[in-house]
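In what follows, a single structure is set out as structure tokens and then discussed.
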Amino acid sequence: MLIRSILGALLLSCPAWAQLPPTAFYVTRGFGHQIYSYTVTGAPLRSLPVPYPILPIPATEYVRDVTVHPSGDLYVYNGTAAPFLSIYRSRELRWEHYSDPRWSTNNVLGLGNVVLFRDQVFVHSFASRGGLFRFDTVSRTFTHFATDAISGFGSIALGQDGLLYAREGDTDSNVVQVFDPITLARLRTIRLPVGDAIRTLAVTPRGEILGVRWLSGELVQYDPQGNPQRTMLLPVINNYADLNLGPCGEIALGNRFGYVALTDISFSAPQVFRAGTEMTMLAFARTDAQPLESVATIRLGVPPNPQVYHLGLARPPALGSRWQAWVNPGLVPSPIADFLLIAGAPLELPLREGTLLVDPSAAGILLSQPTGLPFFLTMPDDCTLLGHTIYTQAGSLNATEFGLGNAIDLLVGHFQRRP
Numbered sequence: 151m152l153i154r155s156i157l158g159a160l161l162l163s164c165p166a167w168a169q170l171p172p173t174a175f176y177v178t179r180g181f182g183h184q185i186y187s188y189t190v191t192g193a194p195l196r197s198l199p200v201p202y203p204i205l206p207i208p209a210t211e212y213v214r215d216v217t218v219h220p221s222g223d224l225y226v227y228n229g230t231a232a233p234f235l236s237i238y239r240s241r242e243l244r245w246e247h248y249s250d251p252r253w254s255t256n257n258v259l260g261l262g263n264v265v266l267f268r269d270q271v272f273v274h275s276f277a278s279r280g281g282l283f284r285f286d287t288v289s290r291t292f293t294h295f296a297t298d299a300i301s302g303f304g305s306i307a308l309g310q311d312g313l314l315y316a317r318e319g320d321t322d323s324n325v326v327q328v329f330d331p332i333t334l335a336r337l338r339t340i341r342l343p344v345g346d347a348i349r350t351l352a353v354t355p356r357g358e359i360l361g362v363r364w365l366s367g368e369l370v371q372y373d374p375q376g377n378p379q380r381t382m383l384l385p386v387i388n389n390y391a392d393l394n395l396g397p398c399g400e401i402a403l404g405n406r407f408g409y410v411a412l413t414d415i416s417f418s419a420p421q422v423f424r425a426g427t428e429m430t431m432l433a434f435a436r437t438d439a440q441p442l443e444s445v446a447t448i449r450l451g452v453p454p455n456p457q458v459y460h461l462g463l464a465r466p467p468a469l470g471s472r473w474q475a476w477v478n479p480g481l482v483p484s485p486i487a488d489f490l491l492i493a494g495a496p497l498e499l500p501l502r503e504g505t506l507l508v509d510p511s512a513a514g515i516l517l518s519q520p521t522g523l524p525f526f527l528t529m530p531d532d533c534t535l536l537g538h539t540i541y542t543q544a545g546s547l548n549a550t551e552f553g554l555g556n557a558i559d560l561l562v563g564h565f566q567r568r569p
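Sequential numbering from 151 applies to the sequence shown in the numbering used here.
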């Protein structure tokens with residue numbers, strides 16, 4: 151309730167289906183070379199031609215998947231046997247193209263995903279031992295890894311838990327490998343039920359896997375170990391090849407016959423519109439659709455306060471996580487209590503006791519605790535927090551005076567920031 155009360159005072163709101171911007175989705179269709187934009191009700195808006203750098207364009211090469219960078223740039227899986235990572239710079243209105251000779255996929259509609267983590271772009275190869283590729287948008291170079299998968303990878307997803315999920319092998323494979331997107335280390339292997347034929351997946355902040363059974367058209371939620379928890383039969387029969395999970399639990403799916411189905415993490419009754427008659431893959435057009443990591447930033451102020459306030463060994467708190475705050479001694483002699491200020495806005499006001507770094511008038515909360523004991527807090531599992539910063543500052547007091555320590559600004563995300 152503590153942080154939720156701050157949010158209420160800040161008048162934050164969670165984007166829901168009815169609140170999406172006019173351009174809700176970017177869609178690719180069939181064997182085409184265009185990206186189409188649609189409203190949430192399925193009204194077409196405009197199209198963007200996607201050039202293929204080699205002319206004449208081979209019949210096997212066409213646009214597969216698209217994702218949106220927080221800057222508004224589009225990253226496109228462009229091609230099949232000789233694919234390119236095509237980047238549309240939305241401000242300059244120009245294209246860039248990058249490739250690696252080891253990268254390829256099968257000429258099967260519905261295969262080919264592109265996902266983002268920080269400034270890294272991930273794509274997969276369906277070739278034998280083709281592995282995965284990470285493209286660094288700063289150095290503009292590819293890193294090739296996970297080449298021990300004999301049949302390559304059929305689809306990938308960046309989970310809202312901050313991990314990379316890659317489904318091995320052909321269209322009916324049930325093996326999912328989980329990687330750290332920073333170190334590229336394989337963390338574990340998940341085996342979904344044999345015969346489920348999941349071609350596309352997404353992952354919640356708790357590591358639950360969402361997938362669609364290819365033949366039956368059932369949306370399935372699996373636990374982190376791959377056991378089915380619940381299902382929902384989607385409309386328009388079967389063959390769903392793309393699944394996208396939005397920041398507040400929105401789910402958008404595209405299928406082989408041009409249909410787009412919209413539901414959410416509660417499996418509410420789907421809405422459906424038709425974007426064409428061919429295989430449809432899509433992405434949320436909003437720039438905040440990527441999984442967001444939590445970040446903690448220390449501020450000392452001017453003049454600087456002593457750095458005594460920290461989170462221990464914990465990472466910055468994410469949605470639904472429990473976290474601790476510690477205050478080291480040294481601010482005042484013979485302290486009897488520590489206190490924690492939590493507010494919705496920063497401040498920099500020099501006082502005799504130190505620099506006040508949070509604005510108590512912006513939904514300020516004051517907590518106190520006997521000296522030396524940690525503060526225990528819980529970040530609500532509420533998407534209204536996503537992308538917003540909570541400003542905190544600690545201090546200590548004795549019988550006659552108090553002292554102010556450093557501040558920690560908490561940017562709230564889906565998952566805890568990794569080293």
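Idealized CB from N, CA, C, for every residue including glycine.
Going by alpha carbons, who is nearest to residue i out of the options?
i	options	result
Tyr541	Ser511, Phe565, Ala495, Ala549	Ala495
Leu308	Asn478, Ala174, Gln440	Gln440
Gly376	Phe283, Asp392, Gly357, Pro385	Gly357
Ser518	Ser511, Phe526, Ala512	Phe526
Gly404	Leu384, Trp245, Ala446	Leu384
Thr210	His219, Leu450, His538, Phe234	Phe234
Tyr596	Ile415, Gly281, Tyr390	In the structure as shown, the chain starts at 151 and stops at 569, and residue 596 therefore has no counterpart that could be examined.
Gly361	Cys398, Gly514, Asp322	Asp322
Asn256	Leu536, Val200, Ala277	Ala277
Ser197	Leu205, Leu342, His183	His183
Arg239	Asp223, Arg252, Ala299	Asp223
Leu547	Phe417, Gly537, Asn478, Ile558	Asn478
Val271	Ile348, Thr297, Phe292	Phe292
Gly281	Trp253, Asn263, Thr287	Trp253
Ala419	Thr437, Phe407, Met382	Met382
Gly522	Gly545, Arg290, Pro397, Gln421	Gly545
Whole angstroms are fine: how far does the CA of residue j sit from the CA of residue i?
i	j	result
Asn556	Pro483	18 angstroms
Gly180	Met429	5 angstroms
Arg241	Ser221	9 angstroms
Glu443	Asp269	13 angstroms
Thr350	Tyr227	15 angstroms
His460	Glu503	19 angstroms
Ala411	Leu395	12 angstroms
Gly367	Arg380	14 angstroms
Gln566	Ile207	43 angstroms
Gly192	Glu400	16 angstroms
Leu205	Ser236	15 angstroms
Tyr186	Asp250	27 angstroms
Ala347	Ala446	40 angstroms
Leu195	Thr217	18 angstroms
Thr505	Leu560	19 angstroms
Pro355	Gly312	8 angstroms
His294	Gly229	18 angstroms
Met431	His274	16 angstroms
Pro510	Gly537	21 angstroms
Asn455	Asp286	38 angstroms
Arg284	Val422	34 angstroms
Ser163	Ala232	Caution is warranted here: a pLDDT of 38 is assigned to Ser163, below 50, making its placement in the model unreliable, and the coordinate value is therefore given only provisionally. Using only the alpha carbons, I get a separation of about 43 angstroms.
Ser289	Trp245	17 angstroms
Quick one: what does DSSP say residue i is sitting in, helix, strand or coil?
i	result
Leu243	coil
Thr354	coil
Leu535	helix
Phe276	coil
Val410	strand
Ile492	strand
Arg252	coil
Leu157	Its pLDDT being 43, under 50, Leu157 is placed unreliably in this model, and the value from its coordinates should be taken loosely. Three-state result, Leu157: helix.
Val288	coil
Gln169	Since pLDDT at Gln169 reaches only 46, below the 50 mark, its modelled position is unreliable, and no value is offered.
Ser511	coil
Glu551	coil
Pro194	strand
Arg294	Per the sequence shown, the amino acid found at residue 294 is His instead of Arg. Residue state, collapsed to three classes: strand.
Leu261	coil
His183	coil
Val270	With the sequence shown as reference, residue 270 is identified as Gln, and Val is not the correct amino acid for it. Reduced to three states, the DSSP call for Gln270 is strand.
Leu342	coil
Tyr202	coil
Tyr212	coil
Round the Cβ separation of residue i and residue j to the nearest angstrom and send it over; I've been treating them as touching at under 8 angstroms.
i	j	result
Leu261	Gly304	6 angstroms
Glu318	Ala299	5 angstroms
Ala435	Tyr176	5 angstroms
Val328	Leu337	5 angstroms
Ile306	Val265	6 angstroms
Any 3 or more C-beta pairs closer than 8 angstroms across the segment 549 to 565 and the segment 468 to 487: The segment 468 to 487 and the segment 549 to 565 touch, with three or more beta-carbon pairs separated by less than 8 angstroms.
Stretch-stretch touch, CB-based, cutoff 8 angstroms, three pairs: the segment 457 to 474 with the segment 520 to 533: Yes, the segment 457 to 474 touches the segment 520 to 533.
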